[in-house]
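These notes are about the structure you will find just below.
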Amino acid sequence: MSWFHDLSYLFGGAFLANAVPHFVSGMMGRAFQSPFARPPGQGLSSSTVNVLWGFANLVIAYLLIACVGRFDLHAPDQVIALGGGVLLSALMAARIFGRFHGGDSPAGP
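Below, the structure is given as structure tokens:
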């Protein structure tokens, strides 16, 4: 069931990457977009909500990485799956949140 473990590590990496902006923004006392804002993913949530959401993402990442199979940093397929999840999630966040923060707006004519 190696593919199942790799899929778990891919999603674990995605949750791990998603934890970072929420947890850090919350710790800095800054509001940030979250699924709990209105409209979801576009409005701002309080720093406390973001710390809690970031921590929840860390817990889910831990469960998907450490509790499914035996994650091995020396196993290339497992590291690639985890890294792929981190990269895909980070690229999606850059595109989604970049339009709110001026970081990834499309070039105009």
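Going by the numbering used here, the sequence shown opens with residue 536, and the numbers climb by one from there.
For each residue, glycine too, the CB sits at the ideal point set by N, CA and C.
With respect to the 9 Å criterion, residue 633 and residue 547 are not classified as neighbours on the basis of their beta carbons. Where residue 541 is concerned, the enclosing alpha helix (DSSP H) starts and stops at 537-562. Less than 9 Å divides the Cβ of residue 589 from the Cβ of residue 561. Inter-residue distance for residue 581 and residue 567 is about 7 Å (C-alpha atoms, whole angstroms). CA-CA distance, residue 629 to residue 549, rounds to 13 Å.
Going by C-alpha positions, residue 594 is about 19 Å away from residue 614. Runs of alpha helix (DSSP H) with 4 or more residues, each lying fully within the segment 559-609, are found at 582-601, listed in chain order. Excluding sequence positions up to five before and after residue 604, its CB lies within less than 6 Å of the CB of 540, all in the same chain and listed in chain order.
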